[in-house]
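If you're matching positions, the sequence shown starts at 58 in our numbering and goes up one per residue. Following: one structure in structure tokens, then a few remarks.
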Amino acid sequence: MSSLDVGRNLSSRRTETDFGKGKFRLHLGLDGNLQLLVLNSNSLSDSDVYFHYYESRTKEPNPGTRLVFNRSGYINNSMLTLNKEAPVSSTDFYHRAVLHFDGVLISSVLSPQGEY
């Protein structure tokens, strides 16, 4: 299980081969608003936002404490099936979410034998 706590970021890498922090951030705000941010490429500072690529516009008085990526497949109390042929059991397969250097959020499943 992976999680993103309120007020924290998931950062993309800089390039395909450079694993330093890149210009995209998935940010979970203190009010529960989930944002995909594009930062100024020159500074890469979390406070220097070029634009908001996506916002959930969730503003709750009691938003919870984290965004959880786990075996349930539920988002906002609804089952989300990304790929019907992909196995979903986290006891038999590893699940991961990656924010790529180009800003694409990818969900993948890997068997313990290393097969996708």
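Ideal placement from N, C-alpha and C gives every residue a C-beta, glycine not left out. From a predicted model like this one, the values you see are computed outputs, not experimental measurements.
Within the DSSP secondary-structure output, histidine 157 pairs in no beta bridge. Assignment of aspartate 62 by DSSP, reduced to helix, strand and coil, places it in the strand class. Between the alpha carbons of aspartate 62 and glycine 86 lies a gap of roughly 9 Å. DSSP places leucine 94 in the strand class (E or B) of the three-state scheme. With a beta-carbon spacing of about 29 Å, lysine 116 and serine 98 fall beyond the 8 Å limit used to define contacts. The C-beta distance from leucine 156 to leucine 67 rounds to 5 Å, short enough to meet the 8 Å contact threshold. Scanning Arg82, Arg65, Gly64 for the CA closest to the CA of aspartate 159 turns up Arg82. Under the DSSP definition of a beta bridge, serine 68 partners with Arg82. With a 10 Å radius around the Cβ and a threshold of 16 neighbouring Cβ atoms, serine 100 comes out exposed. With respect to leucine 96, serine 102 sits close: the two C-beta atoms are nearer than 8 Å.
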